[in-house]
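So the structure is just underneath, and the comments pick up after that.
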């Protein structure tokens, strides 16, 4: 192999290195809020196939918050959900908004804003199912599907334990398939997610469990200045008609 | 109200195609970085003195022993904290996959080097050639040719492993498919399409590898394959 070819490759790679890392220090006077999210959780954040842009309830909310907090622009950085907190801790993003539930464990490593959304767990069955649920006890003895590691999964385990047969799946999509295939009879998943596919698939929501979970915006631990700005902005927005408009846009009325 | 929707096929294909382009670019940069580092490491390990050999062995042993995702997290998250060197996601992805591949490539080249017949080396030495001349003119030309099939296989592996870069936020083929799946709740369709895209990229490479192996391979070194049945 010729030295020239290797040399050429080396130049190519150096060029790529310079090109891809040089753009970050913009030097412009704009105040940019760098937002971390995981665009695989509609309707909170997802990629719009028509425009190719990341959009959703969370995205529009953070843009409103940023504007109120005095930022000129928002830069959305999409990544795997599990990478979000490390990204916050290492300063790769300023805030994280990703339908992230406020939990004690997470509070140990990041600081959360005031809650901006209350999430419930929906109990979903097949449309032709005769199962009715008027209380948690009605779930006893059933085969329940959940998404691994979610608050729904934890809730069922804590409250019903081995009074149900629990099947865990890596994603809510897989759990939905299991319900449709008959491998499980009941699904327990986040309400917004459930509402997403009750129109398209033959399933219905028969009960809503109030698990008292709340979503929050996360900032790096100790970043009180930013947190205060965000909280103030959130309070203003949530008390304004803009909030109702946003909720109606993504969740109907 | 946003409900799960269907995505028109042409738009979905466009998204997946963009992802495939990123996959290919990532894989090319990574395999080349792997080559740039892997070949010298192979030489160090075969011809180096005790220290050089030990360094090479530790390098490739460590990188072959750590999962790629862990390598990515160290480069992308730990490195900035420890030594203050931050890389963009793309660069981190290329460097991570590149050095991982360099570890495997060093082993590929090493076996190619070791497959060169000793008799040739002895003959070259008796002619008064220096070690470097022997490596450059006798060993490497043959070793590299014999390494082609295994190297092409490594490229296929690198191409598939680019999907792990989605953890860093790189929007490659698998991530595009995940976007589509999360909007439509149709995993079979979109992960299936993504699989077809991967196949479309890998199958031609496999044929190319076989063809190159036959065209550039050295007759007499193919073992049982040299016997035309």
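Residue numbers (our numbering), protein chains in the order written: chain A, 1256 to 1508; chain B, 3 to 231. Cβ atoms here follow ideal geometry from the backbone N, Cα and C, with glycine treated the same way. This structure is a prediction, so every number in the text was calculated from the model and none was measured.
Residue(s) in a DSSP beta bridge with residue i
i	result
residue 1381(A)	1458(A)
residue 1376(A)	1445(A), 1464(A)
residue 1366(A)	1474(A)
residue 1292(A)	1333(A)
residue 1422(A)	1400(A)
residue 1300(A)	1296(A)
Beta-carbon proximity check, residue i vs residue j, cutoff 9 Å
i	j	result
residue 1462(A)	residue 1384(A)	no
residue 47(B)	residue 106(B)	no
residue 181(B)	residue 1455(A)	no
residue 1380(A)	residue 1482(A)	no
residue 33(B)	residue 103(B)	yes
residue 1458(A)	residue 1421(A)	no
residue 1512(A)	residue 1403(A)	Coverage of chain A is limited to positions 1256 through 1508, which leaves residue 1512(A) absent and any answer about it impossible.
residue 207(B)	residue 142(B)	no
residue 1445(A)	residue 1406(A)	yes
residue 1460(A)	residue 1377(A)	yes
residue 203(B)	residue 150(B)	no
residue 154(B)	residue 117(B)	no
residue 1337(A)	residue 1294(A)	no
residue 170(B)	residue 101(B)	no
residue 223(B)	residue 144(B)	yes
residue 65(B)	residue 73(B)	yes
Residue i - DSSP class collapsed to helix/strand/coil
i	result
residue 1306(A)	coil
residue 1356(A)	strand
residue 1332(A)	strand
residue 212(B)	helix
residue 121(B)	helix
residue 1480(A)	helix
residue 142(B)	helix
residue 1487(A)	helix
residue 1350(A)	strand
residue 1399(A)	strand
residue 57(B)	helix
residue 1287(A)	strand
residue 188(B)	coil
residue 157(B)	helix
residue 1278(A)	Residue placement at residue 1278(A) is poorly supported in this model, since its pLDDT is 43, which falls under 50; the coordinates still yield a value, given next. Note: residue 1278(A) maps to coil in three-state DSSP.
Residue i CB to nearest heavy atom of the ligand HEM below 8 Å
i	result
residue 1390(A)	Although the ligand HEM was asked about, the structure shown includes no ligands whatsoever.
Residues of its chain near residue i, where Cβ-Cβ distance is below 8 Å and the 5 sequence neighbours each way are ignored
i	result
residue 1473(A)	1339, 1340, 1343, 1350, 1351, 1352, 1355, 1361, 1365, 1366, 1367, 1368
residue 1330(A)	1287, 1288, 1289, 1290
residue 136(B)	123, 126, 127
residue 1277(A)	Note that residue 1277(A) has pLDDT 44, beneath the 50 cutoff, so the model's placement of it is unreliable and the number below is only indicative. Closer than 8 Å at the Cβ level, and outside the excluded window around residue 1277(A), lies no residue.
residue 1485(A)	1320, 1324, 1350, 1368, 1472, 1474
residue 131(B)	139, 140
residue 1410(A)	1376, 1443, 1464, 1466
residue 189(B)	183
residue 216(B)	none
Contacts around residue i, its chain only, beta-carbon distance under 7 Å, and the 5 residues preceding and following it disregarded
i	result
residue 163(B)	70, 99
residue 193(B)	179, 183
residue 44(B)	108, 111, 112, 115
residue 174(B)	21, 24, 25, 28, 164, 165, 167, 168
residue 9(B)	182, 185, 186
Own chain partners of residue i with C-beta closer than 6 Å, once the 5 adjacent residues on each side are dropped
i	result
residue 82(B)	88
residue 172(B)	91, 95
residue 1392(A)	none
residue 78(B)	94, 170
residue 1373(A)	1469
Neighbouring residues, chain C, relative to residue i (Cβ below 7 Å)
i	result
residue 1367(A)	Any reference to chain C falls outside this structure, whose protein chains are A and B.
Give me the subset of the region 1312-1340 of chain A whose CB atoms are less than 8 Å from a CB atom of chain B, sorted by chain position.
Taking 8 Å as the Cβ-Cβ cut-off against chain B, the residues of the region 1312-1340 of chain A that qualify are 1332, 1333, 1334, 1335, 1337, 1338.
Selection of the region 59-83 of chain B by Cβ proximity to chain A, strictly under 9 Å:
Listed by position along the chain: 75, 78, 79, 80, 82, 83.
Interface positions of the region 1422-1433 of chain A facing chain B (Cβ-Cβ less than 9 Å), listed along the chain
Within the region 1422-1433 of chain A, the qualifying residues are 1426, 1427, 1428, 1429, 1431, 1432.
Chain B contacts from the region 1291-1310 of chain A (Cβ-Cβ distance under 7 Å)
If the cut-off is 7 Å between Cβ atoms, the region 1291-1310 of chain A has 1294, 1295, 1296, 1297, 1298, 1301, 1302, 1304, 1305 near chain B.
Name, going along the chain, the residues of the region 1460-1480 of chain A whose beta-carbon falls closer than 8 Å to a beta-carbon of chain B.
Under the 8 Å Cβ criterion, the region 1460-1480 of chain A contributes no residue.
Report the residues of the region 173-201 of chain B with a CB closer than 9 Å to any CB of chain A, ordered along the chain.
Within the region 173-201 of chain B, the residues whose Cβ lies closer than 9 Å to any Cβ of chain A are, in chain order, 173, 177, 178, 180, 181, 182, 183, 184, 185, 186, 187, 188, 189, 190.
Quick one: which residues of the region 1345-1369 of chain A get their C-beta closer than 7 Å to a C-beta of chain B? List them in chain order.
Of all residues in the region 1345-1369 of chain A, 1345 have a Cβ within less than 7 Å of some Cβ in chain B.
When Cβ atoms are compared, which residues of the region 159-173 of chain B fall closer than 8 Å to chain A?
Cβ contacts with chain A: 168, 169, 170, 171, 173.
Contact list for the region 140-160 of chain B against chain A, Cβ threshold 8 Å:
Residues of the region 140-160 of chain B that bring their beta carbon within less than 8 Å of a beta carbon in chain A comprise 142, 146, in sequence order.
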